[in-house]
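If you're matching them up, the sequences are chains A, B and C in order.
If you're matching positions, the first sequence starts at 1 in the numbering used here and goes up one per residue.
If you're matching positions, the second sequence starts at 1 in the numbering used here and goes up one per residue.
If you're matching positions, the third sequence starts at 1 in the numbering used here and goes up one per residue.
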Amino acid sequence: MVNNQFGMIGLLTFIRAAESDPNLVSLAMGQDLTALGLNLNSMENLYQSFGGPFSDGPARPQDIDYPVPSEYLINVSIRDKLAPLSKMKHYKDDLLFFLFYTNCGDVMQLAAANELYQRDWRYHIEEKVWIMRVPGNTHYDKNGSIERGTYYYFDAQNWRRVPKEFQLDGQKLDTKPPIAIT
Amino acid sequence: IDEPPGFLERSEYLLKDWITIFHTHATRDPIKSFSNFVNKMNIYGILKGDEALTRFFRHATQMCIDVTYRNDPTINNTKIFKYIDPYVRLIALLVKHSGETSNSTTKLNLLNKILGIVIGILLKDQEVHKQNFQQLAYHRIFIMLFLELSSSDPVLENIMTNVLTAFCHAYHILRPSIAPGFCYSWLELISHRVFLQRILATAPQAKGWSMYSQLLVDLFKYLAPFLRNAELAKSVTLLYKGTLRVLLVLLHDFPEFLCDYHFGFCDVIPPNCIQMRNLILSAYPRNMRLPDPFTPNLKVDMLSDINTQPRIHSNYAAAIQPPNFKKDLDLYLKQRSPVTFLSEIRGHLQISNEPGSRYNVPLMNALVLYVGTQAINQIRAKNQNPTMTNIIHNAHMDILQNLAVDLDNEGRYLFLNAIANQLRYPNIHTHYFSCALLYLFDEANTEAIQEQITRVLLERLIVNRPHPWGLLITFIELIKNPSYKFWDHDFVHCAPEIEKLFESVARSCM
Amino acid sequence: PLQKDHQVQFQMMEAAYYHLPSPSDSERLRPYLQRQAIATPPHFPQT
């Protein structure tokens with residue numbers, strides 16, 4: 001047989017190295033390319049939301065600066081001529097959270113917080129996260145102001161509502177946010 | 001040299017003034033703010049001539065760079081951007097409004113001048129700061145300027161292809177082997193979603209694709225020396241993984257681009273980067289349906305696409321050097337003599353200007369593809385398509401067989417790789433080289449040739465996916481067709497792991 | 001072994017590895033224009 005790295009023995013050396021030290025042969029054995037954060041089965045083109053060569057996931061909508069018509073960009077001189085806030089109650093929770101997190105220091109943030117409060121969401125002052133009891137789930141162990149059970153919380157990083165079992169100190173929940181005086 | 005006194009101070013005042021305008025009321029009436037500012041530039045003598053303008057941009061760019069070194073970019077990049085973004089906007093407005101609307105020459109001259117200034121400062125900065133070089137400001141200037149100039153605007157749309165050319169030219173000058181301190185930003189810039197869209201999706205294909213292939217070749221050439229070692233440093237692994245991500249986006253969105261330029265890429269990708277090379281060779285046109293290679297009794301030569309000519313955007317014939325070698329080659333292909341030519345081929349292939357490798361891989365790849373395409377042309381001239389019978393007993397196969405026999409293990413490994421690089425999606429090259437490889441296996445006068453053919457195929461198959469279609473059908477034919485007596489060879493049973501591998505592939509075939 | 005110029009390139013790349021670009025470096029700053037600035041409770045997100 002060929003007794004150098006250009007025959008089967010050379011390949012066998014790689015295969016055996018792969019078992020003992022995968023790092024040694026990361027090039028030759030390759031890696032799972034589906035684990036690089038790209039949805040290779042997507043029916044859409046990937047490049048439009050490509051997060052870049054060093055990011056583990058696609059760019060999210062809020063990361064991308066879409067070229068919007070200039071009218072959409074609130075111009076300093078006209079912003080107070082814009083239509084007043086529409087009825088918050090028409091908005092879904094998802095939009096309310098978006099308004100809450102992207103309108104910091106603004107009336108909009110308070111208005112969104114208020115509407116969430118109406119919908120039984122509560123803002124945890126320390127954890128700085130919105131939580132709510134799971135509707136229909138009455139099983140909460142109470143002990144003074146401490147409560148234990150399954151709640152939903154809104155995960156703003158992954159932008160989704162997540163059920164989770166935890167212990168809650170009711171005193172740490174924010175009261176009804178001050179209504180925005182507009 | 002002999003700068004007018006106070007020019008630097010005037011430049012600094014103007015830049016800061018513009019930054020203030022940008023952040024306060026430029027949004028109110030951008031055009032008015034800009035035209036007022038241009039008047040001011042004029043009054044300050046910036047626009048009176050080419051030299052003054054060049055000085056201003058050099059000072060202004062340097063001020064942006066200095067802000068980066070004065071602020072810790074990891075903490076304060078917003079502050080840095082609030083300084084750079086207005087400057088970039090000013091550049092974009094000056095480019096857009098210089099000269100008549102229809103006169104793209106003045107616009108592009110100004111753009112190329114400014115890109116040249118930024119490049120000059122970057123290379124100087126890298127030389128001075130060495131390992132303390134900070135890439136952030138340059139990254140921001142390039143990407144924001146590109147975004148500004150590629151925003152949908154009729155004046156800019158009109159010069160977009162030239163803007164792309166200017167940026168590709170700039171990125172080629174700043175390729176990683178020239179600006180290694182900028183290499184991560186460089187990969188971000190050439191793979192930015194807007195840049196990909198512009199150069200691969202909307203630019204005239206021939207122009208955009210060709211320029212982009214050059215940038216990828218720059219990247220592969222830079223990575224090659226660091227990828228030859230088995231163990232990769234973290235910094236190399238990151239750049240390599242980033243490259244894989246970009247190639248996956250190209251494979252998914254622009255497979256035809258990888259199909260057309262695969263040859264140039266395989267010239268510069270090191271032979272041990274098997275998965276990355278497989279990724280490129282696995283690309284196939286989106287309008288093509290690949291038959292499952294494991295289909296029992298798949299009749300490859302009956303496939304509708306199997307005799308289509310693939311596009312190859314590389315001038316491989318011109319890569320066959322020196323000219324007298326090409327002349328002798330063509331003579332031999334034409335008249336199958338003098339036989340002495342066959343014994344001279346190896347000598348040409350062993351002249352490598354690439355330090356550290358004994359063979360001229362690009363010449364090997366070009367020679368194999370050239371001989372194969374000449375053989376195909378000859379077969380097609382007789383209104384036939386390649387088959388196991390009409391590809392043999394001719395000058396072309398003489399050369400391939402001679403290379404299989406005459407080269408040493410390393411040379412033969414590289415030769416067989418050159419053939420295996422053509423085993424791609426159903427097309428006439430895949431078909432010809434698949435038949436050729438099986439014929440070389442069948443006619444081998446030593447078992448070493450058969451072993452190395454097996455090695456070259458197997459190492460491409462045991463790596464993580466994707467696997468090129470042509471590679472799979474060739475290997476399946478080799479192990480299924482009893483006339484190759486594949487299973488009789490000792491090297492098939494040389495170790496339990498190897499034997500297990502073959503059996504697992506054989507099982508998937510059966 | 002790496003050639004001399006590849007050694008230099010490697011050292012520069014190693015240094016650059018410790019201050020990588022982040023995706024936001026390639027995105028415009030979007031200065032949010034507040035419509036009605038107001039002092040919201042300090043425990044609300046402020047940026």
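Positions of the beta carbon are idealized from the N, C-alpha and C atoms, including for glycine.
Would you report the Cα separation of residue i and residue j, rounded to the nearest angstrom?
| i | j | result |
| --- | --- | --- |
| His429(B) | Thr101(B) | 49 Å |
| Ile269(B) | Tyr69(B) | 36 Å |
| Lys142(A) | Met132(A) | 16 Å |
| Pro4(B) | Ser42(A) | 59 Å |
| Arg16(A) | Lys130(B) | 40 Å |
| Asp408(B) | Ala170(B) | 42 Å |
| Met29(A) | Ala230(B) | 11 Å |
| Val339(B) | Ile173(B) | 46 Å |
| Thr182(A) | Gln167(A) | Caution applies to Thr182(A), whose pLDDT of 47 falls short of 50 and renders its modelled position unreliable; the value that the coordinates give is listed next. Near 37 Å, if we compare the C-alpha coordinates of Gln167(A) and Thr182(A). |
| Val300(B) | Asn272(B) | 29 Å |
| Glu499(B) | His467(B) | 20 Å |
| Phe294(B) | Thr387(B) | 21 Å |
| Trp18(B) | Glu148(B) | 17 Å |
| Ala112(A) | Asp29(B) | 32 Å |
| Thr13(A) | Ile178(B) | 36 Å |
| His493(B) | Phe486(B) | 11 Å |
| Leu416(B) | Phe97(A) | 59 Å |
| Ile274(B) | Thr446(B) | 26 Å |
| Glu305(B) | Ile399(B) | Just to set this straight, residue 305(B) is Asp in the shown sequence, not Glu. Cα to Cα, the separation comes out at about 27 Å. |
| Gln321(B) | Asn36(B) | 60 Å |
| Tyr432(B) | Gly372(B) | 7 Å |
| Ala448(B) | Val456(B) | 12 Å |
| Met13(C) | Ile31(B) | 42 Å |
| Phe265(B) | Tyr47(A) | 21 Å |
Once you ignore the five residues that flank residue i on each side, which residues in its own chain have a CB closer than 8 Å to its CB?
| i | result |
| --- | --- |
| Asp21(A) | none |
| Met1(A) | Gly7, Met8 and Ile9 |
| Ser98(B) | Thr106, Lys107 and Leu110 |
Sort the options by Cα distance to residue i and report the nearest one.
| i | options | result |
| --- | --- | --- |
| Tyr316(B) | Asn390(B), Tyr484(B), Phe146(B) and Leu367(B) | Leu367(B) |
| His419(B) | Leu438(B), Val249(B) and Val505(B) | Correcting the residue type first, residue 419(B) is Ile in the shown sequence and not His. Ile419(B) has its Cα closest to that of Leu438(B), out of Leu438(B), Val249(B) and Val505(B). |
| Leu99(A) | Trp159(A), Ala59(A) and Glu127(A) | Trp159(A) |
| Asp174(A) | Tyr117(A), Val134(A), Lys164(A) and Asn137(A) | Tyr117(A) |
| Ile453(B) | Trp469(B), Phe475(B) and Pro296(B) | Phe475(B) |
| Pro310(B) | Arg336(B), Trp487(B), Ala283(B) and Gly6(B) | Ala283(B) |
| Glu477(B) | Leu250(B), Leu298(B) and Pro285(B) | Leu298(B) |
| Lys172(A) | Leu46(A), Ser145(A) and Lys92(A) | Ser145(A) |
| Trp244(B) | Arg277(B), Val194(B), Val405(B) and Glu157(B) | Rather than Trp, the amino acid found at residue 244(B) in this sequence is Leu. Of Arg277(B), Val194(B), Val405(B) and Glu157(B), the residue nearest in Cα terms is Arg277(B). |
| Arg198(B) | Glu157(B), Ile46(B), Ile345(B) and Phe220(B) | Glu157(B) |
| Arg507(B) | Pro496(B), Asp490(B), Ile479(B) and Tyr484(B) | Ile479(B) |
| Pro135(A) | Val25(A), Tyr151(A) and Gly170(A) | Tyr151(A) |
| Gln62(A) | Phe44(C), Arg28(C), Pro42(C) and Thr40(C) | Arg28(C) |
Can you list, in chain order, the residues of its chain whose CB lies under 7 Å from that of residue i, leaving out five sequence neighbours each side?
| i | result |
| --- | --- |
| Val155(B) | Lys96 and Thr101 |
| Ile91(B) | Ile114 and Leu145 |
| Phe167(B) | Phe146 |
| Asn511(B) | Residue 511(B) is absent from the structure shown; chain B starts at 1 and stops at 510. |
Assuming residue i contacts residue j under a Cβ cut-off of 8 Å, what Cβ separation, rounded to an integer in Å, is found between them?
| i | j | result |
| --- | --- | --- |
| Leu15(B) | Ala60(B) | 5 Å |
| Asn464(B) | Asp32(A) | 6 Å |
| Leu424(B) | Leu223(B) | Checking the displayed sequence, the identity of residue 424(B) turns out to be Arg instead of Leu. Between Leu223(B) and Arg424(B) the Cβ distance is about 22 Å, and since that is not below 8 Å, they are no contact. |
| Glu188(B) | Gly52(A) | 5 Å |
| Thr161(B) | Lys207(B) | 6 Å |
| Cys514(B) | Tyr87(B) | No answer is possible for residue 514(B): it lies beyond the span of chain B, which begins at 1 and ends at 510. |
| Phe257(B) | Leu200(B) | 6 Å |
Compute the minimum distance between the beta carbon of residue i and the heavy atoms of the ligand SAH, and state whether it is under 8 Å.
| i | result |
| --- | --- |
| Arg119(A) | The model depicted lacks the ligand SAH and carries no ligand whatsoever. |
Under 6 Å Cβ to Cβ from residue i, same chain only, skipping five residues before and after it: list those, please.
| i | result |
| --- | --- |
| Glu165(A) | Thr150 |
Near-chain C residues of the stretch 125–153 of chain B (beta-carbon distance less than 9 Å), N- to C-terminal order: Gln126, Lys130, Gln131, Asn132, Phe133, Gln134, Gln135, Leu136, His139, Arg140, Ile143, Met144 and Leu147
Under 8 Å (Cβ pairs) to chain A, residues found in the stretch 170–197 of chain B: Tyr184, Leu187, Glu188, Ser191, His192, Arg193, Leu196 and Gln197
The stretch 11–27 of chain C: positions lying closer than 7 Å to chain B by Cβ: Gln11, Met12, Met13, Glu14, Ala15, Ala16, Tyr17, His19, Leu20, Pro21, Asp25 and Ser26
Chain-ordered residues of the stretch 127–148 of chain A with a beta carbon less than 7 Å from chain B: none
The stretch 461–484 of chain B: positions lying closer than 8 Å to chain A by Cβ: Ile462, Val463, Asn464, Arg465 and Pro466
Chain-ordered residues of the stretch 106–124 of chain A with a beta carbon less than 8 Å from chain C: Asp106, Val107, Met108, Gln109, Leu110, Ala113 and Tyr123
Near-chain C residues of the stretch 224–241 of chain B (beta-carbon distance less than 8 Å), N- to C-terminal order: Pro225, Phe226, Ala233, Lys234, Ser235, Val236, Leu238 and Leu239
Against chain C: residues of the stretch 48–75 of chain B by CB proximity under 9 Å: Pro73 and Thr74
Within 8 Å of chain B by C-beta, residues of the stretch 9–31 of chain A in sequence order: Ile9, Gly10, Leu11, Leu12, Phe14, Ile15, Arg16, Ala17, Asn23, Leu24, Val25, Ser26, Leu27, Ala28, Met29, Gly30 and Gln31
Contact list for the stretch 253–274 of chain B against chain A, Cβ threshold 9 Å: Asp253, Phe254, Pro270, Asn272, Cys273 and Ile274
Residues within the stretch 409–441 of chain B neighbouring chain A, beta-carbon criterion of under 8 Å: Asn409, Glu410, Arg412 and Tyr413
Proximal residues, the stretch 206–221 of chain B versus chain A, C-beta separation under 7 Å: none
Members of the stretch 281–313 of chain B near chain C, C-beta cut-off 9 Å: none
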